[in-house]
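Visitor:
Residue numbers (our numbering): -16 to 121.
This is the structure:
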(Lines of atoms letter the chains of each structure in order from A and count residues from 1; the text may use other names and numbers.)
(Lines give C-alpha, C1' and ligand atoms only; values in the text may rest on other atoms or scores of the structure.)
Protein backbone atom coordinates (compact mmCIF):
# COMPACT_ATOMS: atom_id res chain seq x y z
CA UNK A 1 0.00 0.00 0.00
CA UNK A 2 2.94 2.33 0.70
CA UNK A 3 3.76 2.38 -3.03
CA UNK A 4 0.30 3.64 -3.93
CA UNK A 5 0.38 6.29 -1.19
CA UNK A 6 3.86 7.40 -2.33
CA UNK A 7 2.53 7.89 -5.84
CA UNK A 8 -0.19 10.26 -4.67
CA UNK A 9 2.29 12.27 -2.58
CA UNK A 10 4.53 12.67 -5.65
CA UNK A 11 1.63 13.77 -7.81
CA UNK A 12 0.40 16.31 -5.30
CA UNK A 13 3.86 17.86 -5.13
CA UNK A 14 4.06 18.76 -8.83
CA UNK A 15 2.38 22.15 -8.56
CA UNK A 16 4.66 23.53 -5.86
CA UNK A 17 8.07 22.50 -7.19
CA UNK A 18 8.95 25.31 -9.54
CA UNK A 19 8.49 29.04 -9.38
CA UNK A 20 8.30 29.21 -13.17
CA UNK A 21 5.13 27.06 -13.19
CA UNK A 22 1.89 27.43 -11.24
CA UNK A 23 -1.35 25.54 -10.85
CA UNK A 24 -4.47 27.36 -12.02
CA UNK A 25 -7.52 25.28 -11.08
CA UNK A 26 -6.84 21.86 -12.58
CA UNK A 27 -4.31 23.21 -15.09
CA UNK A 28 -0.52 23.28 -14.78
CA UNK A 29 0.56 26.60 -16.27
CA UNK A 30 3.59 28.75 -16.95
CA UNK A 31 4.17 31.69 -14.60
CA UNK A 32 2.06 33.89 -16.88
CA UNK A 33 -0.92 31.48 -16.57
CA UNK A 34 -0.54 29.87 -20.02
CA UNK A 35 -1.39 26.12 -19.92
CA UNK A 36 1.89 24.19 -20.17
CA UNK A 37 2.62 21.65 -22.92
CA UNK A 38 5.74 19.52 -22.76
CA UNK A 39 7.85 17.46 -20.41
CA UNK A 40 8.22 18.69 -16.84
CA UNK A 41 11.10 17.26 -14.82
CA UNK A 42 11.61 17.28 -11.05
CA UNK A 43 14.79 16.48 -9.14
CA UNK A 44 15.85 15.08 -5.78
CA UNK A 45 17.80 17.49 -3.51
CA UNK A 46 21.11 16.04 -4.77
CA UNK A 47 20.18 16.84 -8.38
CA UNK A 48 19.27 13.34 -9.56
CA UNK A 49 16.08 13.04 -11.56
CA UNK A 50 12.95 12.45 -9.47
CA UNK A 51 10.11 12.44 -12.02
CA UNK A 52 9.16 13.26 -15.59
CA UNK A 53 5.59 14.32 -16.33
CA UNK A 54 3.99 14.90 -19.74
CA UNK A 55 1.55 17.81 -19.99
CA UNK A 56 -0.70 18.74 -22.92
CA UNK A 57 -2.46 22.08 -22.64
CA UNK A 58 -1.96 22.12 -18.86
CA UNK A 59 -3.23 18.60 -18.19
CA UNK A 60 -1.32 15.44 -17.37
CA UNK A 61 -1.39 13.24 -20.45
CA UNK A 62 0.61 10.25 -21.64
CA UNK A 63 3.41 8.74 -19.58
CA UNK A 64 4.79 9.68 -16.19
CA UNK A 65 8.05 8.29 -14.85
CA UNK A 66 9.29 8.28 -11.24
CA UNK A 67 12.89 7.67 -10.15
CA UNK A 68 14.41 6.73 -6.80
CA UNK A 69 17.20 8.65 -5.07
CA UNK A 70 19.82 6.81 -7.17
CA UNK A 71 18.11 7.84 -10.40
CA UNK A 72 16.72 4.35 -11.11
CA UNK A 73 13.26 4.06 -12.63
CA UNK A 74 10.88 2.92 -9.88
CA UNK A 75 7.37 3.64 -11.23
CA UNK A 76 5.62 4.34 -14.52
CA UNK A 77 2.05 5.15 -15.38
CA UNK A 78 -0.17 6.91 -17.84
CA UNK A 79 -2.61 9.79 -17.73
CA UNK A 80 -5.41 10.88 -20.01
CA UNK A 81 -6.92 14.32 -19.43
CA UNK A 82 -5.51 14.64 -15.87
CA UNK A 83 -6.78 11.19 -14.80
CA UNK A 84 -4.76 8.00 -14.31
CA UNK A 85 -5.44 5.69 -17.24
CA UNK A 86 -4.07 2.31 -18.24
CA UNK A 87 -1.25 0.32 -16.68
CA UNK A 88 0.81 1.55 -13.71
CA UNK A 89 3.84 -0.42 -12.53
CA UNK A 90 6.51 -0.08 -9.85
CA UNK A 91 9.83 -1.82 -9.21
CA UNK A 92 12.31 -2.18 -6.37
CA UNK A 93 15.77 -0.66 -6.51
CA UNK A 94 16.98 -4.02 -7.85
CA UNK A 95 14.42 -4.03 -10.67
CA UNK A 96 12.08 -6.61 -9.14
CA UNK A 97 8.37 -5.93 -9.80
CA UNK A 98 6.52 -4.54 -6.77
CA UNK A 99 3.11 -3.50 -8.07
CA UNK A 100 0.82 -3.41 -11.05
CA UNK A 101 -2.41 -1.47 -11.23
CA UNK A 102 -4.91 -0.49 -13.91
CA UNK A 103 -7.10 2.55 -14.33
CA UNK A 104 -9.83 3.31 -16.82
CA UNK A 105 -10.35 7.08 -17.12
CA UNK A 106 -9.42 7.64 -13.47
CA UNK A 107 -11.31 4.63 -12.08
CA UNK A 108 -9.55 1.64 -10.53
CA UNK A 109 -10.27 -1.53 -12.50
CA UNK A 110 -9.12 -5.13 -12.66
CA UNK A 111 -6.57 -6.92 -10.53
CA UNK A 112 -3.97 -4.92 -8.64
CA UNK A 113 -0.89 -6.63 -7.26
CA UNK A 114 1.04 -4.84 -4.53
CA UNK A 115 4.20 -5.80 -2.64
CA UNK A 116 5.87 -3.44 -0.18
CA UNK A 117 9.23 -5.22 -0.52
CA UNK A 118 10.68 -7.81 -2.88
CA UNK A 119 10.36 -10.61 -0.32
CA UNK A 120 7.30 -9.32 1.49
CA UNK A 121 3.73 -10.56 1.18
CA UNK A 122 1.74 -9.93 -1.98
CA UNK A 123 -1.62 -8.22 -1.79
CA UNK A 124 -4.11 -8.97 -4.57
CA UNK A 125 -6.91 -6.46 -4.94
CA UNK A 126 -9.75 -6.70 -7.44
CA UNK A 127 -11.52 -3.53 -8.54
CA UNK A 128 -14.61 -2.96 -10.66
CA UNK A 129 -15.64 0.56 -11.60
CA UNK A 130 -13.48 2.09 -8.84
CA UNK A 131 -14.83 -0.19 -6.08
CA UNK A 132 -12.80 -2.77 -4.23
CA UNK A 133 -14.64 -6.06 -4.66
CA UNK A 134 -12.03 -8.51 -3.35
CA UNK A 135 -8.80 -8.36 -1.35
CA UNK A 136 -6.52 -11.21 -0.44
CA UNK A 137 -3.05 -11.75 0.95
CA UNK A 138 -0.83 -14.32 -0.77
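Beta carbons: idealized from backbone N, C-alpha and C, even for Gly. Treat the numbers as computed from the prediction; the structure is a model and nothing was measured.
What are the start and end residues of the beta strand (DSSP E) that includes residue 90?
Guide: Along the chain shown, one-based indexing puts residue 90 at 107. That run of the beta strand (DSSP E) goes 90 to 98.
Visitor: In chain order, what are the residue ranges of uninterrupted beta strand (DSSP E) at least 3 long that sit wholly in the region 45 to 85?
Guide: 45 to 50, 56 to 63 and 69 to 74
Visitor: What residues are listed by DSSP as bridge partners for residue 87?
Guide: As a position in the chain shown, residue 87 is number 104, starting the count at 1. Answer is 90, bridged to residue 87.
Visitor: Using the beta-carbon count (16 or more within 10 Å), is residue 8 buried or exposed?
Guide: Along the chain shown, read from residue 1 onward, the residue named residue 8 stands at position 25. With fewer than 16 other Cβ atoms within 10 Å, it is exposed.
Visitor: Beta strand (DSSP E) containing residue 107: first to last residue?
Guide: In the chain shown, residue 107 corresponds to position 124, counting from 1. Element bounds for residue 107: 105 to 111.
Visitor: CA-CA distance, residue 37 and residue 13?
Guide: To locate residue 37, count along the chain shown from 1; it is residue 54. To locate residue 13, count along the chain shown from 1; it is residue 30. Between residue 37 and residue 13, the C-alpha separation is close to 14 Å.
Visitor: Are residue 98 and residue 81 closer than 8 Å when you measure CB to CB?
Guide: The residue given as residue 98 occupies position 115 in the chain shown. The residue given as residue 81 occupies position 98 in the chain shown. Yes, they are a contact pair.
Visitor: Determine, using beta carbons only, whether residue 60 and residue 71 come nearer to each other than 8 Å.
Guide: In the chain shown, the residue the question calls residue 60 occupies position 77. In the chain shown, the residue the question calls residue 71 occupies position 88. Less than 8 Å divides the Cβ of residue 60 from the Cβ of residue 71.
Visitor: With C-beta atoms as the reference, is residue 23 less than 8 Å away from residue 32?
Guide: Within the chain shown, residue 23 is the residue found at index 40, counting from 1. Within the chain shown, residue 32 is the residue found at index 49, counting from 1. Against a cut-off of 8 Å, the Cβ pair of residue 32 and residue 23 comes out as no contact.
Visitor: If you run the structure through DSSP and keep just helix, strand and coil, what is residue 38?
Guide: Taking the chain shown and counting its residues from 1, one reaches residue 38 at position 55. Strand.
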